[in-house]
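Some notes on the structure that comes next.
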Amino acid sequence: MSVFKDLSSLDLAALVASRVCHDIISPVGAITNGLEVLDEEGNEDMADFAMDLIRKSARQASAKLQFARLAFGAAGSAGAEIDLGDAQEVATGYMSNEKANLEWGLPRLLMPKNQVKLILNLLLLMNQCVPRGGTISISMAGDAQAPDFLLKAEGTNARIPQVVSEILSGQEPERIDAHTVQPIYAVLLAEEAGLNIGLSKDGDAVICKANTHVSASV
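Here the sequence shown is numbered in this note's numbering, starting from 3 and rising by one per residue.
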């Protein structure tokens with residue numbers, strides 16, 4: 003049992019909500035700015051720019067919300083299953099606004115919701131490992147009963163953020179806040195799903211494994 007089990011459900015919910023709001027506030031703010039430009043009289047030259055900004059930001063906000071609904075939300079009742087095709091759709095939408103490209107290699111089948119939520123949360127962690135962009139690939143061996151997930155992030159200066167490495171290895175960070183709650187949530191999801199997470203550096207790539215037998219993160 004991880005040290006994060008001591009985190010109350012109320013605190014966890016509040017921190018996850020803060021994380022989601024942090025992701026959404028930027029595109030929503032951009033929509034507001036675009037509307038303010040449209041409201042200004044005599045600023046017709048900026049109207050097209052403002053509308054483009056509003057459209058782009060609205061799509062981004064929608065993609066982030068749809069992703070958060072599946073990655074962090076209830077996604078059905080206890081014991082529910084999620085279609086990996088739905089997970090691919092929201093992951094593709096989310097990553098369309100990021101620097102890294104996504105290569106989704108998972109089959110379309112129903113899987114326990116916590117396993118699917120874990121994959122989406124691991125995608126967020128891998129995205130942090132390639133801050134300058136690159137490619138993130140996701141694949142799976144085995145079957146729905148005994149999955150063996152593999153995520154690989156390749157890019158310039160690929161690295162494992164220290165706080166992510168520490169949290170995935172079971173260490174409690176100095177501060178638990180909206181910035182550190184996501185990897186904590188991933189650890190808790192893995193425990194609920196009966197999977198272990200391993201994270202390692204391999205040349206210009208970061209490798210993440212999630213299965214029932216992987217060793218501790220390094």
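Glycine included, every Cβ here is placed at the ideal spot set by N, Cα and C.
A63 and V30 look like a contact to me (Cβ under 8 Å); what is the Cβ gap, rounded to whole Å?
6 Å
Name the two residues that bound the continuous beta strand (DSSP E) containing P114.
L112 to P114
Take V22 as the anchor and find which of E100, L190 and R71 has the nearest alpha-carbon.
R71
Helix, strand or coil for E100, going by three-state DSSP, please let me know.
DSSP places E100 in the coil class of the three-state scheme, outside both helix and strand.
Exposed unless 16 or more other CB atoms sit within 10 angstroms - verdict on T214:
So T214 ends up on the exposed side.
Which one of D47, Y96, D88 and A76 has the shortest CA to CA distance from A60?
Y96
When F151, S202, L108 and E100 are compared against P163, the one with the closest alpha-carbon
Closest by alpha carbon: S202.
Assuming W106 contacts I140 (C-beta within less than 8 Å), just tell me the rounded distance between them.
For a cut-off of 8 Å, the C-beta gap from W106 to I140 is around 6 Å, short enough to register as a contact.
Could you give the DSSP three-state label for S139: helix, strand or coil?
strand
Any contact between the segment 147–164 and the segment 186–194? By contact I mean 3 or more CB pairs, one from each, below 8 Å.
no
Short of 8 Å in beta carbon distance, which residues of its chain neighbour M3, apart from the five on each side in sequence? Order them along the chain.
With a pLDDT of 48 at M3, under the threshold of 50, the modelled position of that residue is not reliable, and no figure is offered here.
In the segment 38–73, which residue ranges form an unbroken alpha helix (DSSP H) of at least 4 residues, counting only runs that do not cross its ends?
49–73
Bridge-paired residues (DSSP) for D13
Bridge partners of D13: none, in fact.
Would you say the beta carbon of V189 comes nearer than 7 Å to a heavy atom of the ligand COA?
With respect to the ligand COA, the structure shown offers nothing to examine, as it has no ligands at all.
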